[in-house]
Each structure stands twice: as C-alpha cells, then as structure tokens.
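For the sequence shown, position 300 (counting from the first letter as 1) is numbered 300 according to the UniProt record's numbering, and the numbering increases by one without interruption. Think of the CB as a built atom: it goes at the ideal place given N, C-alpha and C, for glycine as much as any other residue. Given the structure is predicted, the values throughout are model-derived calculations rather than measurements.
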Amino acid sequence: MFPLKFFFVASFLSLIIIIITVIQETYTPYPDLLWSYTARLIYWIMVFTLLIPFIQKIPLIVLIKIIRSWILLYSTFLFIQFIAFYLFHIIVDYSLIIGGQESRILNEVGLRASGLTAEPSIYSGIMISLLILLYLMTGKNNIITYIGLISILCTLSTLGIFLVIIYLAITNLYRIKISRIVFFISLSIAIIFILWDFLLKRIELFLQGGDVSNNIKIMVIDNLFNNESLFLLGYGLVGYSDKAPPYYQALYDLTLFGNLCVIFGIPIGLMLSITVFLFVLNMRICFEKKILIILSFIKITIPNYIFFYFFLVLLYVITNKISVRYHNRREV
C-alpha cells in the first residue's frame with residue numbers, strides 16, 4: 001500500500017510552489033516559461049514520490065550493484081570520447097549521434113569530455129553524486145570509485161577537479177591515519193601537477209572576462225541583489241529558452257543553497273537552506289557521510305534535470321537504510 005505521508009508531503013510542496021509562482025507571475029517578464037517549468041517540477045515531484053515505496057523494497061546489496069554498473073557505464077562512454085579525440089583526433093558527440101543539439105565539449109583548450117551529458121561540469125556533478133551514493137552504502141573507496149574519479153578528471157572541468165580533491169579529502173582524512181594522509185596529499189599533488197597548465201588557462205580566461213560560464217553566474221547574482229522583486233521572491237522556476245536572456249542559462253547553477261535563493265528569493269531561500277542543512281546534520285549517520293551529502297549539493301541541484309529527483313529519492317532511501325544499521329551498531 002502506498003504510504004499516505006508521501007502523498008501529503010508532495011501535495012503540500014506542490015501547493016506552496018503554486019502559491020509562490022502566482023505571486024512571481026506579477027513581476028516576471030516570462031510568465032509562460034514560469035508556468036511551464038513549474039508544471040514540470042510538480043509533475044516530477046509526483047512521479048518520483050510514487051517511486052519511493054518501490055525503491056525502498058530493493059535490498060541494499062542490489063542498490064550497490066546498480067550504482068556500480070551505472071558508474072562503469074557512464075565512465076565507459078566518457079573514456080571512449082576522450083580517447084577518440086586525443087589518440088585518433090575523432091570527435092564523438094553522443095548528443096549529435098542521437099539527433100540532439102551539439103554538446104559544449106570544445107573550447108580553446110581542446111576537448112573537455114562530457115560523456116552522455118551536455119557539458120563537462122554536468123557530468124562531473126552526476127558522477128560525484130553516484131560515487132557519494134556508493135560510498136554511503138559501502139563506507140569505502142574501491143576500484144569502481146577510482147574509475148569514476150579518473151573519468152571526472154578527464155572532463156578537464158575546474159569544478160570536477162575541485163569535487164575530486166574534496167571527495168578524496170573527506171573519505172581519506174576523516175579517520176586520521178598516516179597512510180590515508182600521505183595517499184591524499186600525494187594524489188592531490190599529482191592531479192594538480194598534471195592539470196596545472198589547464199588550470200592556469202582557466203584562471204587567466206576568467207580574469208580576462210572570457211569565461212562565459214562564470215560571467216553569466218555573476219550577472220544572475222548581480223540582478224538578484226539589485227532588483228527588489230527578485231531579492232524578495234526570486235526568479236521563480238523560469239529555466240532557459242530562446243526568449244530569455246543568455247544569463248538565464250546560469251539560473252540554477254549556483255549549488256543547492258544558491259539555487260533556493262535564486263528561485264524563491266533571499267529570505268525564503270535562506271530559511272530553506274538552513275532547513276536542508278540542519279536536516280542533513282540531524283541524520284542518523286556518521287559525520288563523514290553528512291559532509292559528503294552536502295558536497296553532492298554543489299552541482300546536481302537543477303530542477304530541470306530528471307537526475308536531480310532520482311538522486312533525491314535514492315538519497316532518501318539509502319540514508320534511511322544505512323541510518324537503521326548505524327543506529328543498531330551504536331545500540332550494540
């Protein structure tokens with residue numbers, strides 16, 4: 001039987017979102033986009049709410065196998081793309097192959113592999129989220145983990161490099177051991193050494209104003225603080241289309257906590273951010289895993305991505321399963 005609590009929570013969230021959207025419609029220049037994305041959000045909330053009871057029935061060992069297979073599959077497609085370009089000078093764009101739009105994988109540096117996603121940073125966010133889900137269940141890194149981490153580095157994404165180093169720091173330095181510290185420092189130095197030239201080019205590009213990705217994020221933040229309506233109630237669930245300004249591409253690319261402020265305004269966004277933060281800290285799991293969950297909120301927090309909802313459902317199910325084991329161990 002479907003638990004009614006899930007239905008009531010989903011319905012309550014949907015009602016709140018609709019009320020806020022009605023208010024936002026009074027000042028947004030793109031009301032058609034606003035309602036289009038709001039309807040999509042509510043639809044996915046309802047769909048994935050219905051999936052929760054079914055995913056809860058899947059044993060933890062099966063979920064581990066599924067996530068491992070997912071990591072390997074995603075990594076394989078990216079490695080093919082990376083090797084094809086740098087060894088054989090062949091551009092493999094999976095989006096074009098299936099009839100979609102061209103992926104954002106080429107720039108002045110060369111090819112920044114993105115695998116089955118539209119751009120390198122999105123791939124990095126999805127992969128690090130999968131690795132975090134795997135670590136939540138197993139509590140350790142293994143060969144699958146390092147394959148996933150290497151695939152992130154192959155994207156040449158600045159965000160991806162940052163996520164890899166922070167992930168390694170959390171999973172190796174939490175339990176202080178000399179061997180773990182040496183391993184982390186050595187690996188971090190190796191990563192920075194190998195990618196040093198690329199990092200310098202990205203920094204130089206940003207300082208010269210040529211980094212479009214970061215420049216449009218600055219525009220989003222600037223408008224948020226200089227427009228009273230946006231400051232108080234946010235941009236809403238507008239998303240991006242040809243009708244909207246170019247900087248709308250970065251509306252939901254500011255971490256979960258930044259996105260909440262962008263969508264609902266600074267006052268409500270801050271309250272929601274604090275609520276999420278306290279919710280994670282109060283989970284009955286070890287502190288190391290709580291920090292990893294917060295790390296996962298850096299990139300894949302865009303309401304337009306189906307993966308975002310699927311990730312939240314898996315996170316809810318997995319943390320509930322491991323919190324029971326953690327609580328039982330503490331009682332023993």
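Considering just the uninterrupted stretch of the alpha helix (DSSP H) at residue i, what are its terminal residues?
i	result
LYS5	4-24
GLN81	60-88
LYS299	Run containing LYS299: none; DSSP gives neither H nor E here.
Go ahead and pull the three-state DSSP assignment for residue i.
i	result
GLY125	helix
LEU254	coil
ASN227	coil
LEU156	coil
LEU106	strand
ASP93	coil
GLN56	helix
LEU315	helix
PRO29	coil
VAL276	helix
MET137	helix
GLU288	helix
ILE322	helix
MET219	helix
SER117	Just to set this straight, residue 117 is Thr in the shown sequence, not Ser. THR117: coil per DSSP, three-state reduction.
residue 386	Look at the range of the chain in this structure, 1 to 332, and you will see that residue 386 is not part of it.
VAL238	coil
ASN259	helix
PRO282	Inspection of the sequence shows that residue 282 is occupied by Asn rather than by Pro. The answer is coil: DSSP assigns ASN282 none of H, G, I, E or B.
GLY269	helix
TYR305	coil
ILE98	coil
VAL164	helix
Pull up the DSSP beta-bridge partners for residue i, would you.
i	result
LEU34	Per DSSP, none; premise fails for LEU34.
LEU111	LEU106
If I'm right that residue i touches residue j with Cβ under 8 angstroms, what's the distance once you round it to whole angstroms?
i	j	result
THR117	ILE126	6 angstroms
LEU49	THR21	Leu is not the amino acid found at residue 49; the sequence shown has Thr there. Wrong, their Cβ atoms sit about 19 angstroms apart, outside the cutoff.
ILE300	PHE308	6 angstroms
ILE185	THR255	Between THR255 and ILE185 the Cβ distance is about 27 angstroms, and since that is not below 8 angstroms, they are no contact.
ILE91	PHE82	With 8 angstroms as the limit, ILE91 and PHE82 do not qualify as a contact, their Cβ atoms being about 11 angstroms apart.
LEU292	LEU136	7 angstroms
Looking at chain B, is there any beta carbon in it that lies within less than 7 angstroms of the beta carbon of residue i?
i	result
THR117	Chain labels in this structure do not include chain B; a single protein chain is all it has.
Check whether the region 165-173 touches the region 98-113, taking contact to mean three or more Cβ pairs, one atom from each stretch, closer than 8 angstroms.
no
May I ask you to verify whether the region 42-60 touches the region 122-136, counting CB pairs closer than 8 angstroms and requiring at least 3?
no
Answer yes if the region 271-279 comes into contact with the region 227-238, meaning at least three C-beta pairs across the two stretches below 8 angstroms, and no otherwise.
With a cut-off of 8 angstroms, the region 271-279 and the region 227-238 do not count as touching, because too few Cβ pairs lie within range.
Mind the definition here: the region 212-231 touches the region 249-268 only if three or more C-beta pairs lie below 8 angstroms; say whether that holds.
Three or more Cβ pairs closer than 8 angstroms define a contact, and the region 212-231 meets that threshold against the region 249-268.
Does the region 146-158 come into contact with the region 68-77, if we say contact requires no fewer than three beta-carbon pairs (one atom in each stretch) closer than 8 angstroms?
Cβ pair count under 8 angstroms is three or more, so yes.
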